[in-house]
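Notes to accompany the following structure.
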Amino acid sequence: MSKLINPIEKANPLFLERIRSQLNDEKDYIEFCRISSTRIVSSIRCNTIKISTDELKKRLEKKWEIKQPFKKYPEVMIIESELLPGELGKAIEHILGYYYIQEIASMMPVLVLNPKSNESILDLAAAPGSKTTQIACMMNNQGVLIANEVSLGRVSILSTNLQRCAVTNSLVIRQTGESLCKKLVDLDFKLDKILADVPCSGEGTIRSSPKTTQMFSENLINNLANTQKYLAINALKALKVNGTLVYSTCTHAPEENEAIISHLLENYPVEIQEISLPLKTRPGITKWKNEVYNKDVKKCARIYPQDNNTEGFFIAYLKKTGEIE
Numbered sequence: 046m047s048k049l050i051n052p053i054e055k056a057n058p059l060f061l062e063r064i065r066s067q068l069n070d071e072k073d074y075i076e077f078c079r080i081s082s083t084r085i086v087s088s089i090r091c092n093t094i095k096i097s098t099d100e101l102k103k104r105l106e107k108k109w110e111i112k113q114p115f116k117k118y119p120e121v122m123i124i125e126s127e128l129l130p131g132e133l134g135k136a137i138e139h140i141l142g143y144y145y146i147q148e149i150a151s152m153m154p155v156l157v158l159n160p161k162s163n164e165s166i167l168d169l170a171a172a173p174g175s176k177t178t179q180i181a182c183m184m185n186n187q188g189v190l191i192a193n194e195v196s197l198g199r200v201s202i203l204s205t206n207l208q209r210c211a212v213t214n215s216l217v218i219r220q221t222g223e224s225l226c227k228k229l230v231d232l233d234f235k236l237d238k239i240l241a242d243v244p245c246s247g248e249g250t251i252r253s254s255p256k257t258t259q260m261f262s263e264n265l266i267n268n269l270a271n272t273q274k275y276l277a278i279n280a281l282k283a284l285k286v287n288g289t290l291v292y293s294t295c296t297h298a299p300e301e302n303e304a305i306i307s308h309l310l311e312n313y314p315v316e317i318q319e320i321s322l323p324l325k326t327r328p329g330i331t332k333w334k335n336e337v338y339n340k341d342v343k344k345c346a347r348i349y350p351q352d353n354n355t356e357g358f359f360i361a362y363l364k365k366t367g368e369i370e
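When we follow the numbering used here, the leftmost residue of the sequence shown carries the number 46, and every step to the right adds one.
Given below as structure tokens:
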């Protein structure tokens with residue numbers, strides 16, 4: 046097994062200070078640091094386009110101990126056996142596209158999106174394809190699924206994963222998210238649902254990417270927040286009235302999370318919806334530093350690693366209530 050790098054030991058002190066300010070008390074902060082210093086749980090998602098959850102579990106139990114943590118979502122599986130480096134990716138079932146290696150918290154935004162087979166859906170920042178393939182499964186490989194990715198290298202990875210998982214209801218596009226949404230509006234092609242899992246500072250991924258804590262920068266957060274805001278605004282414009290926007294990040298930074306949602310609530314015809322998930326979540330933060338956000342951001346969901354032994358995530362569930370000029 047590869048050596049575990051502790052992301053807390055060499056973390057930028059400002060990162061730790063900001064995390065401490067978000068949490069309930071010192072005990073909560075200590076538990077955050079403790080769990081963040083442990084190895085991430087090995088989890089996969091069954092690709093139900095190719096195989097049933099029962100059949101996959103039966104195959105995998107011949108070599109690993111398998112746990113299905115959520116009765117409602119049997120496609121989510123945890124590998125409780127100790128694995129060799131790369132073992133999950135080298136397994137024949139992975140090569141055949143029977144499962145996707147995906148962290149459990151990362152599966153939650155698509156559960157909130159709740160895709161249906163007769164819908165038109167856009168995954169605004171789709172690579173490497175974990176959430177796109179999850180959407181396709183929930184759509185039963187039907188309907189219209191647009192998978193957008195601006196990076197040429199990542200488009201290739203996205204396409205490979207869609208092919209491996211036998212996703213056939215998707216169209217892969219390479220555009221900036223803002224440009225694509227504007228073109229869809231110009232064509233009067235509005236969508237039922239959009240997943241905006243936007244590029245972020247990645248604070249929630251420190252267990253799998255420990256160097257994130259060392260490279261922490263508030264300037265990076267502020268620059269990303271500006272991009273995220275315009276992505277979210279343009280996504281709203283490309284939605285049908287009564288359409289759904291799920292905005293998500295894998296960061297804890299309020300500037301990239303509640304601040305964006307508060308801006309949408311204050312300036313656009315949108316309502317925030319309650320979120321129900323099989324994980325423990327915490328409400329959105331309504332005050333941060335000198336900023337006071339719209340009170341309804343408390344309906345957002347924050348997922349902290351110490352609550353579920355996962356990575357960290359933020360999710361907002363929005364309904365568009367009127368046209369946007």
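Heads up, the beta-carbon is just placed ideally off N, CA and C, and yes, glycines get one too.
Could you please give the first and the last residue of the uninterrupted beta strand (DSSP E) stretch that includes L309?
Within the sequence shown, residue 309 is the residue found at index 264, counting from 1. Here L309 belongs to no beta strand (DSSP E); instead the alpha helix (DSSP H) covers 303-312.
For P328, three-class secondary structure by DSSP:
Indexing the sequence shown from 1 puts residue 328 at position 283. Of the three classes helix, strand and coil, the one that applies to P328 here is strand, per DSSP.
Using the Cβ count rule (16 or more neighbours within 10 Å means buried), how would you classify M184?
Numbered from its first residue, the sequence shown carries residue 184 at position 139. Buried is the call here.
Report the rounded CA-to-CA distance for V217 versus G247, giving the unit in angstroms.
Residue numbering aside, residue 217 sits at position 172 when the sequence shown is read from its first letter. Residue numbering aside, residue 247 sits at position 202 when the sequence shown is read from its first letter. About 25 Å.
C345 in three-state terms, based on DSSP:
Against the sequence shown, residue 345 aligns to sequence position 300. Note: C345 maps to coil in three-state DSSP.
Could you give the uninterrupted runs of the beta strand (DSSP E) lying entirely in the stretch 73-136, keeping only those of 3 residues or more?
88-91, 121-124
Sequence-distant residues of its chain with Cβ nearer than 8 Å to P173 (five each side left out):
As a first step, residue 173 is located in the sequence shown; it is residue number 128 there, counting from the start. Same-chain partners within the cutoff: R199, I202, L203, N206.
Reduced DSSP category for D242 - H, G, I as helix; E, B as strand; rest coil
The count along the sequence shown starts at 1 and reaches residue 242 at position 197. In the structure shown, D242 sits in a strand (DSSP, three-state: E or B).
Presumed contact (8 Å Cβ cut-off) between Q147 and I89, rounded CB distance:
Locating residue 147 in the sequence shown gives position 102, counting from the first residue. Locating residue 89 in the sequence shown gives position 44, counting from the first residue. Their Cβ separation, rounded to whole angstroms, is 7 Å, which keeps Q147 and I89 in contact under 8 Å.
I266 to E62, Cα distance in whole Å?
The count along the sequence shown starts at 1 and reaches residue 266 at position 221. The count along the sequence shown starts at 1 and reaches residue 62 at position 17. Looking at the two C-alpha atoms, the distance is approximately 15 Å.
Within its chain, find whatever has a CB closer than 7 Å to the CB of I80; leave out the 5 residues flanking it on each side and keep chain order.
Stepping through the sequence shown from its first residue, residue 80 is reached at position 35. Around I80: P350, Q351, N354.
How would you label P160, buried or exposed, when you count the other beta carbons within 10 angstroms and need 16 or more for buried?
Looking up residue 160 in the sequence shown gives position 115. Buried, by the Cβ-count rule.
If you count every other CB in all the chains shown that lies within 10 Å of the CB of E336, and 16 or more means buried, which is it?
The count along the sequence shown starts at 1 and reaches residue 336 at position 291. E336 comes out exposed.
First and last residue of the uninterrupted alpha helix (DSSP H) at V195:
What you label residue 195 is simply residue 150 of the sequence shown in a count that begins at 1. Premise fails: V195 is in no alpha helix (DSSP H) and is neither H nor E.
Do you know offhand how far Y74's Cα is from K176's?
Residue mapping note: residue 74 aligns to position 29 of the sequence shown, counting from 1. Residue mapping note: residue 176 aligns to position 131 of the sequence shown, counting from 1. Roughly 30 Å separates the two Cα atoms.
What are the boundary residues of the alpha helix (DSSP H) that includes I278?
Indexing the sequence shown from 1 puts residue 278 at position 233. Note, I278: alpha helix (DSSP H), 263-282.
Proximal residues to G329 (C-beta, below 6 Å), its chain only, five neighbours per side dropped:
Taking the sequence shown and counting its residues from 1, one reaches residue 329 at position 284. Closer than 6 Å at the Cβ level, and outside the excluded window around G329, lie E303, V342, K343, C345.
At what residues does the beta strand (DSSP E) containing L216 begin and finish?
Here residue 216 is taken as the residue at index 171 of the sequence shown, counted from 1. 215-218 is the extent of the beta strand (DSSP E) around L216.
How would you label G367, buried or exposed, when you count the other beta carbons within 10 angstroms and need 16 or more for buried?
Locating residue 367 in the sequence shown gives position 322, where the first residue counts as 1. With fewer than 16 other Cβ atoms within 10 Å, it is exposed.
The beta strand (DSSP E) enclosing K365, as first and last residue numbers:
For this step, residue 365 is matched to residue 320 along the sequence shown. Looking at the DSSP string, the run of the beta strand (DSSP E) that includes K365 is 358-365.
Unbroken alpha helix (DSSP H) run spanning I251, endpoints
Residue mapping note: residue 251 aligns to position 206 of the sequence shown, counting from 1. First-last for I251: undefined, no H or E at that position.
From I64 to W109, what distance separates their C-alpha atoms?
Translated into the one-based positions of the sequence shown, residue 64 becomes position 19. Translated into the one-based positions of the sequence shown, residue 109 becomes position 64. Roughly 36 Å separates the two Cα atoms.
Is it true that the CB of I306 sits closer than 9 Å to the CB of Y338?
Here residue 338 refers to the residue found at position 293 when the sequence shown is read from its first residue. Here residue 306 refers to the residue found at position 261 when the sequence shown is read from its first residue. The answer is yes: Cβ separation under 9 Å.
So, at 7 Å on beta carbons, what are the nonlocal neighbours of A31 in its own chain, with the 5 sequence-adjacent residues on each side left out?
Outside the shown range of the chain, which is 46 to 370, sits residue 31, and nothing can be said about it.
Going by DSSP, what residues sit across from V291 in a beta bridge?
Along the sequence shown, one-based indexing puts residue 291 at 246. V291 pairs with L240, Y362.
Collapsed DSSP secondary structure at L167 in the structure displayed
Taking the first residue of the sequence shown as 1, we reach residue 167 at position 122. L167: strand per DSSP, three-state reduction.
Per DSSP, the bridge partner or partners of Y143
One-based indexing of the sequence shown puts residue 143 at position 98. Answer is none; Y143 lacks a bridge partner.
Residue nearest to P244 in terms of C-alpha spacing, selected from F358, F77, D231, T326
Translated into the one-based positions of the sequence shown, residue 244 becomes position 199. Out of F358, F77, D231, T326, F358 has the C-alpha closest to the C-alpha of P244.
Identity of the residues DSSP links to E138 by a beta bridge
Your numbering for residue 138 matches position 93 in the sequence shown. Its beta-bridge partners do not exist; DSSP assigns none.
Please state the DSSP three-state secondary structure of E336.
Locating residue 336 in the sequence shown gives position 291, where the first residue counts as 1. If DSSP states are grouped into helix, strand and coil, E336 belongs with the strands.
Touch test, the stretch 314-326 against the stretch 251-266, Cβ-Cβ under 8 Å, three pairs minimum
no
Please classify M153: is it buried, with 16 or more other beta-carbons within 10 angstroms of its beta-carbon, or exposed?
Numbered from its first residue, the sequence shown carries residue 153 at position 108. M153 should be labelled buried.
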